[in-house]
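**Q** Before I ask anything, let me first share the structure, which is written out below as structure tokens.
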Amino acid sequence: AVTLLDAQPIFQMAEQGFCIYFAFEWTIRYIAFNKKSNCFKDAWFVFDSLLVFMMVMETWVMTSAMLIVGSENSVGLGNAS
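Per our numbering, residue 7 is the first one in the sequence shown, and the count goes up by one each step.
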């Protein structure tokens, strides 16, 4: 499948589950910092934040945008390859 919308339901559910799990893990790790500004000093937390951000953008934001726009062919990048 080119996009998550085109994938079989089991793969869509797995992707949603991973995204929920990692977003929840990130939230718990953020809450664990006594001083919230210290999270920017932890290189692994910054790296994980970047990964979770990209996963949320791909799984929820881009998929929602494609549903709102109503892309029929779901390949909104044209002839990019």
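No residue lacks a Cβ here, since even glycine has one placed at the ideal position from N, Cα and C.
(1) Using a 10 Å radius around the Cβ and a threshold of 16 neighbouring Cβ atoms, would you call Thr65 buried or exposed?
(2) Determine the burial state of Trp32: buried for a count of at least 16 other Cβ atoms within 10 Å of its Cβ, exposed for fewer.
(3) Is the separation between the beta-carbon of Ala29 and that of Met61 shorter than 9 angstroms?
(4) According to DSSP, simplified to helix, strand and coil, what is Phe53?
(5) Distance, Cα to Cα, Glu21 vs Arg35?
**A** Answer, in terms of the structure:
(1) Within the sequence shown, numbered from 1, the residue matching residue 65 stands at position 59. The residue in question, Thr65, is buried, as its Cβ has 16 or more Cβ neighbours within 10 Å.
(2) Here residue 32 refers to the residue found at position 26 of the sequence shown. Buried, because 16 or more other Cβ atoms sit within 10 Å of the Cβ of Trp32.
(3) Start at 1 with the first residue of the sequence shown, and residue 29 comes out as number 23. Start at 1 with the first residue of the sequence shown, and residue 61 comes out as number 55. Contact annotation: Ala29 and Met61 have beta-carbon atoms nearer than 9 angstroms.
(4) The residue labelled residue 53 in the question sits at position 47 within the sequence shown. DSSP places Phe53 within a helical segment (H, G or I) once states are collapsed to three.
(5) As a position in the sequence shown, residue 21 is number 15, starting the count at 1. As a position in the sequence shown, residue 35 is number 29, starting the count at 1. As the crow flies, the alpha-carbon of Glu21 is around 21 angstroms from that of Arg35.
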